[in-house]
């Protein structure tokens, strides 16, 4: 593992899968040595730094937690106090730079996680520890703890597109789906579809009720009703809600694609992201033209044939390059 990924992790910018990779590496001797080099570099200019009482108290609090998180075999007690002071000062610097989240994240993970992925053009049915069911679309992944306990929320992380059928527990245990851009979906028991790729995230509610948190501070919240879709940019700064046919939008689970007023450009982007192809629209005037209809989606060839027949397109394909005209 390279230092760049570790620094990304220390800035709290890693995906759950990347975070697990870093945590596994930090459990090794090489990982501890690399972490030490990073901290030494950040603290090289702190030997003469004077902390005010509040900063010193915060530093020592952080230091104690960092020391507790380190492996005993690699963190022997030193005879001098400078080691503690240096770690404490480093902790303040890491927190000041916004990169102190690595040990907080490490301590928050009590159970190992598993990440399941789908290749382009394939779907996968996954049963979670609570018997909730997730259907992954192509080129997607879901990450979740191997074991869930009754005293904590049920949490999963999604990248790509997934349909959730969440079971309701006797203890009314919360179910949280973490999406990119600090967006979260909170539910108790319901069915909904999430789509999160590149610059856009979509959440569509089929049945039940969910609350969508659009920022880390939980200041932007939307309660959704069945048949509603919320579309947001990946940063969660702009969003809108609209009425849709939720079952039609999740029809990909049944090997069928349903278009309801989708532009050809949106269809092309969906094919690229889900099936790993490059789509070119020969006539730019067609990009914003909207289409409605239903076609089978057993594979990319079936989809292209359906598009050609339904919308009278002329489609050519050479390997992964597709031209629509």
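In the numbering used here, the protein residues as written are 15 to 339.
Note that CB positions come from ideal geometry on N, CA and C, so glycine has one too.
**Q.** Contact between the segment 293-310 and the segment 149-156 (3+ Cβ pairs under 8 angstroms)
**A.** no
(message) According to DSSP, is residue 83 part of a helix, a strand, or is it coil?
(response) A caution first: residue 83 carries a pLDDT of 42, below 50, which makes its placement in the model too unreliable to give a value.
Relative to the alpha-carbon of residue 253, which residue among 133, 197, 184 and 47 has its alpha-carbon at the smallest distance? 197
Report task. Consult DSSP for residue 32 and reduce its assignment to one of helix, strand or coil. Result -> helix
Item to complete: Determine the direct distance from the alpha carbon of residue 238 to that of residue 330, and round the result to whole angstroms.
Response: 41 angstroms
**Q.** One or two residues paired with residue 311 in a DSSP bridge
**A.** Residue 311 pairs with nothing; no bridge assigned.
When DSSP labels each residue in this structure, what does residue 326 get in the three-state scheme?
coil
Backbone secondary structure at residue 171 - three-state DSSP | strand
Can you give, in chain order, each stretch of the beta strand (DSSP E) that sits fully within the segment 127-188 and has at least 3 residues? For the segment 127-188, whole beta strand (DSSP E) runs of length 3 or above, ordered along the chain, are 127-131, 138-141, 147-150, 155-159 and 168-179.
Subject >> As assigned by DSSP and simplified to three states, the class of residue 246 >> reply: strand
Q | Closest Cα partner of residue 226 within the set 126, 265, 163 and 236 | A | The shortest C-alpha separation from residue 226 is found at 236.
query = Grouping DSSP H, G and I as helix and E and B as strand, with all else coil, what is residue 275?
reply = strand
#### Entry: Identity of the residue in 130, 20, 240 and 276 nearest residue 142 by Cα
130
Just list the residues that DSSP pairs residue 332 with in beta bridges. 335
### Message
Is it buried or exposed, residue 104, if we count other Cβ atoms within 10 angstroms and call 16 or more buried?
### Response
Residue placement at residue 104 cannot be trusted, given a pLDDT of 46 that sits under 50; the coordinates are not used to answer.
* Would you call the CB atoms of residue 204 and residue 180 closer than 7 angstroms? -> yes
Status (buried if at least 16 other CB within 10 Å, exposed otherwise) for residue 17:
Only exposed fits residue 17, as fewer than 16 other CB atoms lie within 10 angstroms of its CB.
- Limits of the unbroken beta strand (DSSP E) element including residue 255: 253-257
Next item on the list: Please list, in chain order, all residues of the same chain as residue 119 whose beta carbon is under 6 angstroms from its beta carbon, the five residues on each side excluded.
Entry: Since pLDDT at residue 119 reaches only 41, below the 50 mark, its modelled position is unreliable, and the value read off the structure follows with that caveat. Result list for residue 119: empty, nothing under 6 angstroms.
inquiry  = Quick check: the Cα distance between residue 321 and residue 273, rounded to an integer number of angstroms?
reply    = 11 angstroms
I need the DSSP call for residue 288, collapsed to helix, strand or coil. helix
| Helix, strand or coil for residue 221 per DSSP? | strand
>> Given this structure, state the Cα-to-Cα distance separating residue 193 from residue 295, to the nearest angstrom.
In response: 30 angstroms
Can you check whether the CB of residue 167 is closer than 7 angstroms to the CB of residue 145?
no
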